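K.L.:
Anchor point for the sequence shown: position 77 equals 77 in the working numbering, and the numbering is continuous, going up by one each time.
Provided herewith is a single structure, encoded as C-alpha cells, for subsequent inquiry.
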Amino acid sequence: QALVSYYEAMITRPDRTMILKNTKVPVLFVMGVYDNAAPVKDMLQQCYLPEKSYIHIFQNAGHMGMLEEVEKSNRVFENFIADNSNE
Numbered sequence: 001q002a003l004v005s006y007y008e009a010m011i012t013r014p015d016r017t018m019i020l021k022n023t024k025v026p027v028l029f030v031m032g033v034y035d036n037a038a039p040v041k042d043m044l045q046q047c048y049l050p051e052k053s054y055i056h057i058f059q060n061a062g063h064m065g066m067l068e069e070v071e072k073s074n075r076v077f078e079n080f081i082a083d084n085s086n087e
C-alpha cells in the first residue's frame, strides 16, 4: 500500500521543470544505477535544465544512495557544498 500511495502522489504532483530552468543556484543531481523509481536515463534529461549542474551517479546504489553508499554520499555532498559555498 505504501508503494501505491507513493506512486499515486508522484503521478499527481505539479510539474516543477520551470524551477530547475530558472534557478540561479547550483543543483546537485545524485542518482543510482539501480534506481527503478527515477532511472538515470530519465534523470539525466533534467540535469541540463539548471544553469549550473553537478551530477554524481552511484554505481552500487538504487533510489536511496545516501543510505546504500553512506561514505561516498557524504563526500559528494561535502564537495558540492565546498565548491559552492560562495554561491
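Glycine included, C-beta positions come from ideal geometry on N, C-alpha and C.
Values in this document were obtained by computation on a predicted structure and should not be read as measured data.
In terms of residues, what are the limits of the beta strand (DSSP E) holding Ser53?
P.N.:
One-based indexing of the sequence shown puts residue 53 at position 53. First-last of the beta strand (DSSP E) with Ser53: Ser53 to Phe58.
K.L.:
For Val27, which three-state DSSP category applies?
P.N.:
As a first step, residue 27 must be located in the sequence shown, where it is residue number 27. The answer is strand: DSSP assigns Val27 an E or B state.
K.L.:
Does the Cβ of Met64 have 16 or more other Cβ atoms within 10 Å, making it buried, or fewer, making it exposed?
P.N.:
Within the sequence shown, the letter at position 64 stands for residue 64. Exposed is the call here.
K.L.:
Got a sec? Which residues, its chain only, sit under 6 Å from Ala9 by beta carbon, not counting five neighbours each side?
P.N.:
In the sequence shown, residue 9 corresponds to position 9, counting from 1. Within the same chain, Ala9 has no close Cβ partners at all.
K.L.:
Helix, strand or coil for Gly62? Go by DSSP, reduced to three states.
P.N.:
Here residue 62 refers to the residue found at position 62 when the sequence shown is read from its first residue. Gly62 falls in the coil class under three-state DSSP.
K.L.:
Report the rounded CA-to-CA distance for Tyr34 versus Gly62, giving the unit in angstroms.
P.N.:
Working through the sequence shown from its first residue, we reach residue 34 at position 34. Working through the sequence shown from its first residue, we reach residue 62 at position 62. So the alpha carbons of these two residues sit roughly 4 Å apart.
K.L.:
As a quick exercise: from Glu69, Ala37 and Val70, pick the residue whose alpha carbon is nearest that of Leu3.
P.N.:
For the purposes of this step, residue 3 is taken as the residue at position 3 of the sequence shown. Minimum Cα distance to Leu3 is reached at Ala37.
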